[in-house]
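When the letters of the sequence shown are read in order and numbered with mature numbering (1 follows the signal peptide of the UniProt record, and there is no 0), they come out as residues -21 to -1, 1 to 378.
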Amino acid sequence: MKYVKTLSAAGAVLLSSHSLAQSSSYASVLVASLPEFNGSIPNNGISLYGSLDEGMNYQSVGGKHLFQLESGGEWTSKFGMFGREDLGGGLKAEFNLESGFNASNGNLQASQTMFNREAWVGLNSTVFGQVRFGNQIGVGTPLFFDPFGEVGSNSVVTWLGYAGVQTKSGIGYNTDLGPGGSQVAPRVANSVTWNTPRYAGFNAEFLYAFNGTTGVSPLAANQGVLVSWARGPLYVAATYNRVWSSPVVVNAGQSAQTIRNDLYSIGGVYDCGSFVLDAYVGQYSPHFAADGIARVYTVGGILPLVQNVFRASVVYRDTSGVRDSEKIPAKDSAVGVMLGYDYILSKRTALYARAGFIRNYGISTVLLNNNPLPTQPGTTVPLTGQTPVTASIGIYHNF
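(1) Could you give the C-beta distance for residue 45 and residue 230, rounded to a whole number, given that I count them as a contact under 8 Å?
(2) Near residue 248, which residues of its chain fall below 6 Å by C-beta distance, leaving aside the five closest residues on each side in sequence?
(3) Using DSSP bridges, identify the partner residues of residue 328.
(4) Using the C-alpha atoms, what's the distance from residue 119 back to residue 140?
(5) How many angstroms separate the CA atom of residue -1 from the CA atom of residue 181?
(6) Identify every residue that forms a DSSP beta bridge with residue 44.
(7) Could you give the DSSP three-state label for residue 217: helix, strand or coil?
(8) By DSSP, does residue 123 sit in helix, in strand, or in coil?
(9) In this structure, how does DSSP classify residue 298 when only helix, strand and coil are distinguished?
(10) Residue 316 and residue 335 look like a contact to me (Cβ under 8 Å); what is the Cβ gap, rounded to whole Å?
(11) When you compare each of 261, 310, 283, 342 to residue 216 by their alpha carbons, which one comes out closest?
(12) With a threshold of 16 other CB atoms inside 10 Å of the CB of residue 77, please say whether the residue is buried or exposed.
(13) Going by beta carbon distance, what residues of the same chain come within less than 6 Å of residue 81, once the five residues before and after it are set aside?
(14) Going by Cα to Cα distance, which pick from 8, 332, 116, 270 is closest to residue 311?
(15) Please report the distance separating the alpha-carbon of residue 125 from that of residue 197.
(16) Who are residue 94's beta bridge partners in DSSP?
(17) Relative to the alpha-carbon of residue 39, which residue among 33, 47, 288 has its alpha-carbon at the smallest distance?
(18) Return the residue from the list 308, 106, 228 that minimises the CA-CA distance to residue 298.
(19) By DSSP, does residue 407 sit in helix, in strand, or in coil?
(20) Assign residue 232 to one of two classes, buried (16 or more other C-beta atoms within 10 Å of its C-beta) or exposed (fewer than that).
(21) With a CB to CB cut of under 7 Å and the five nearest residues on each side skipped, what residues in its chain are close to residue 364?
(22) Alpha carbon to alpha carbon, how far is residue 378 from residue 254? Give it in angstroms, no decimals.
(23) DSSP three-state call for residue 229: helix, strand or coil?
(24) Is there contact between the segment 313 to 333 and the segment 93 to 108, where contact requires at least three CB pairs shorter than 8 Å?
(25) By the 10 Å Cβ neighbour count, where 16 or more other Cβ atoms means buried, how is residue 373 classified, buried or exposed?
(26) Exposed or buried, what is residue 296 when buried is set at 16 or more other beta-carbons lying within 10 Å of its beta-carbon?
(27) Out of 102, 56, 31, point me to the one whose CA is closest to residue 65's CA.
(28) Which residue from 86, 322, 237 puts its Cα closest to that of residue 194?
(29) Please go through the same chain and pick out, in chain order, the residues whose beta-carbon is closer than 7 Å to the beta-carbon of residue 250, but skip the five residues on each side of it.
(30) Can you give me the C-alpha to C-alpha distance between residue 173 and residue 219, rounded to a whole angstrom?
(31) Taking just the CA atoms, how far does residue 110 sit from residue 69?
(32) Return the chain-ordered list of same chain residues with a C-beta closer than 8 Å to the C-beta of residue 2, the five sequence neighbours on each side being excluded.
(33) Roughly how many angstroms separate the alpha carbons of residue 360 and residue 376, rounded to a whole number?
(34) Below 8 Å between beta carbons: does that hold for residue 179 and residue 189?
(35) Count the other C-beta atoms from every protein chain shown that fall within 10 angstroms of the C-beta of residue 305, then say buried if there are 16 or more, exposed otherwise.
(36) The beta strand (DSSP E) spanning residue 191 covers which residue range?
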């Protein structure tokens, strides 16, 4: 579940290029058990695949409680198709279309967007690697660095590591750092990527995404690179991304401008088959003098014992240079913990349980599982010092 759950059919190629699918690793056993990874993708043809995940979820924050059905507590509910044509000479044409949906009501995950998770076409060569065009996985911190796969629910890495912050204007990423704070998207639209072959354990992936907006400078929305090294049970990766925010008005009376964010991360995964350990450190720095800087530290692991799988992650986020609404320097940090258990019923079906929390300190207002924090009476200003809590039980099936 760890590596493959967030990558879908395109991940079969991604895993291969990252050399993670070793015979002795925990990930490779799971890859081989899933329809979209076990060789069912033909050299000439199309493979259909998907996941259905549904559970019951409890959330609590600020004395308010919520019980609900929840889709995607372990895997994002989705369906997709992966196609490949062998052109000869070690060259293949490939495409991937994938759509997320809410299994609780059947709605699309992204309103009015059919293929929100994958929509790309490209060429795969044994000589020059892979080139893709479209909506595809970005080159930020690899999703499998989180034991919970950075799903939208039940992952403190998703909400705290990516800094889903609630402000009086709504929810955004790293918005507590100041105007134009942003984040690397897990999937990047309007992008071109080149993933090199792996030599002596090393591999690099480059991304350029266009902003697609007339008159907005620069032309790029995201420029990034991921460099990795893999040998035996160890995988290490470092990333650098330049991400430009949506246009924001920094000072009253001035025109809106985009703010460049420099985002760095380095980390690794040790997967010997008997257990998995992972950790990474990230820094998020908007290019605006009055903005703050955030650093994120994560550690986690997975312990599979026959049909029983235990997993855990801890995330700590701290900032410097952050100011409150009165422009006074303020403390702004948070810690999150998530625990999980899976009971494997078959190669593609399992029951799961999750429980976790995020503790906010100072002016931090990070939320969890998209459940809004309480606000000051008569305003949209979120209360500080809150600790959102969540717990879920569910079932998934991959097909």
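Just so it is clear, CB atoms sit at the ideal spot from N, CA and C, and this is done for glycine as well.
The short version:
(1) With a Cβ gap of about 39 Å, residue 45 and residue 230 do not count as contacting.
(2) 214, 257
(3) 376
(4) 12 Å
(5) The predicted model places residue -1 with a pLDDT of 40, which falls under 50 and marks its position as unreliable, so this point remains unresolved.
(6) 39
(7) strand
(8) helix
(9) strand
(10) 6 Å
(11) 261
(12) buried
(13) 50
(14) 270
(15) 32 Å
(16) According to DSSP, residue 94 bridges with nothing at all.
(17) 47
(18) 308
(19) Residue 407 is absent from the model: the chain starts at -21 and stops at 378.
(20) exposed
(21) 339
(22) 26 Å
(23) coil
(24) no
(25) buried
(26) buried
(27) 102
(28) 237
(29) 4, 5, 6, 212
(30) 15 Å
(31) 14 Å
(32) Residue confidence for residue 2 is low, a pLDDT of 49 falling below 50, so the modelled location carries little weight; the figure read from the coordinates is stated next. Nothing listed; no residue qualifies.
(33) 40 Å
(34) no
(35) exposed
(36) No beta strand (DSSP E) contains residue 191, which DSSP labels as neither H nor E.
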